[in-house]
Every structure is written in structure tokens, then in C-alpha cells.
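All residue numbers for the sequence shown refer to our numbering, where the first residue is 199 and numbers rise by one. For each residue, glycine too, the CB sits at the ideal point set by N, CA and C. Below is one structure, written out as C-alpha cells; the observations come after it.
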Amino acid sequence: MLKAYRFQRDAPAQIRDGHSEGQAFALTGGTLRLFVGSNTWIMVPGRLCWVPSNAEHGFSSNGPVHGFSVKVSNHLCHGLPDGARVLDADPLHLALLRRLVDKPADGDVVWPLLKRILINDPDDRLSLPAPRDPRLVKLAEALAHSPADDRDLTTWAKTIGMSPRSLMRRFVAETGLTFAVWRRGLRVLSAIHLMQDGKSATTAAHECGFAGSSAFSSAFRHHTGVSPSAYLKTRQ
């Protein structure tokens, strides 16, 4: 059985969940922190997530979020990964999810296509691990909400009640990335979403806190391996 639906939460929320079905979902607006077992990610629009059945998981958001989700009975999950996955969602992925919501009767045709994607597509190289320390969570969620926020590490350390040295060490220990690299990746992710919504690369770069088009292009190539224009061509 497939249960596909739109979801929308207008207020900040923290939810713990666990169910016998597998679940695939994608955001169309807002950001949230997803945790599955001991793994945590920052989710933004343009990512497709798979959560296996019986996996303890949860979400937290500091603002409105909305998107599409489908819960899948165990007998339809054969061959799917035993662990959670986050994929780079192109328009086809989102169209398949939307089709399951709008036309439930088409599930026998649409679900096998989406299932194949969840099995075979590579993990998103832009997936951002999220920290777990409550102080760092506060920092990460604030930046996800406002990626152009340009406060430096020292200022953030004071804001969340840590020393700069402790923040730096703890951030690397929990995410595997330095604060600067993590924030740059978040800005690239956020800019991709804006460009997919029709904004120019220049506008997206400015709204996400890059100093200019050159800095944006350099960061984009570092995180994706291609230029912004080349990346968008692959998503059309």
C-alpha cells in the first residue's frame, strides 16, 4: 500500500517518529533538520530522502516547511536500502512524488520508477551533515534559515555560549567539516534552490551571502564539480 500526501507545517516543530512503512519525501519550501538513528542532515528543497521502515527518525524546523511524502508498505520496499539516503532531486523525482499525491491510482506505474531511483541514484554529494550539540544546532538552523548571515566564528561562539576554539573543534567532530566549509556548502545548496525557482545565478549568489559571482562560481565548482549553468542544464 502507498500513502502519498502533501505536508505543511507553519510553525517551528520538533517531531520524533517511527513506523513500519518506508518513507520517501522531498521539501518544496523551508528547511529542516532530519535525524535517522545516529545520522543527521540539513534538508533543503531539491533533495529527495529515503527513510527505511522501522527506523527511528525525527525532524526539527525553526519555521514553515512544506513538501511531498509517500509512505510505503514493507512488501513494496524489497531491494530498497536498509539505511537512510539523501539524493539530489531533479524535476523528474519531484514530478513522480507529486503524481503519487495527485493520482493515487497511478501508483502501480509510478512507484516502481521512483523505487528504481532510490536504489540506483548516487547519494547527493552536497548532503550536509548536521551537528547534534544543541548549541551548534541553534547555529546551523539559524544559518539554514538565513544563509547570508555573515557573522564569523568568533561572533557565533559568543552568541551560542561557546569559546571559538570549542566551537571549531566540536563542529568538525560532529559534521566532519570545518565551520567555513559547512557554511559554504549550505550557501551553495540554498543558491541551487533559488536558481531552480527561476532566479539568476547572480541574484542567488547575492541572496545567499556570496561576495560576488566569481566567489559563487568557485564555491559551486568546489562542491559540485561543475559551473552553475552546467549544473542547471542537467536538471532541465
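- Here the C-alpha atom of Phe223 lies approximately 19 Å from the C-alpha atom of His273.
- Rounded to the nearest angstrom, the Cβ distance from Gly227 to Val263 is 7 Å, consistent with a contact under 8 Å.
- Under the 10 Å beta carbon count, Val307 is surrounded by fewer than 16 other beta carbons and is classified as exposed.
- Distance from the CA of Trp239 to the CA of Phe257, rounded to the nearest whole angstrom, comes to 10 Å.
- Comparing alpha carbon positions, the residue from Cys275, Arg283, Arg368 closest to Gly235 is Arg283.
- DSSP places Thr422 in the helix class (H, G or I) of the three-state scheme.
- Between Leu316 and Leu294 the beta-carbon gap is near 10 Å, outside 8 Å, which marks them as no contact.
- Going by C-alpha positions, Ala303 is about 27 Å away from Asp280.
- Here the alpha carbons of Ala211 and Asn260 stand approximately 7 Å from one another.
- In the structure shown, Val284 adopts extended strand secondary structure according to DSSP, grouped into three states.
- With a 10 Å radius around the Cβ and a threshold of 16 neighbouring Cβ atoms, Met393 comes out buried.
- For secondary structure counted as the alpha helix (DSSP H) over 4 or more consecutive residues, the segment 300 to 370 holds these complete runs in sequence order: 305 to 318, 332 to 343, 351 to 358.
- Between the segment 367 to 377 and the segment 324 to 342 there are three or more inter-stretch CB-CB distances shorter than 8 Å, so the stretches are counted as touching.
- Taken atom to atom, the span from the alpha-carbon of Asp347 to that of Arg382 is near 12 Å.
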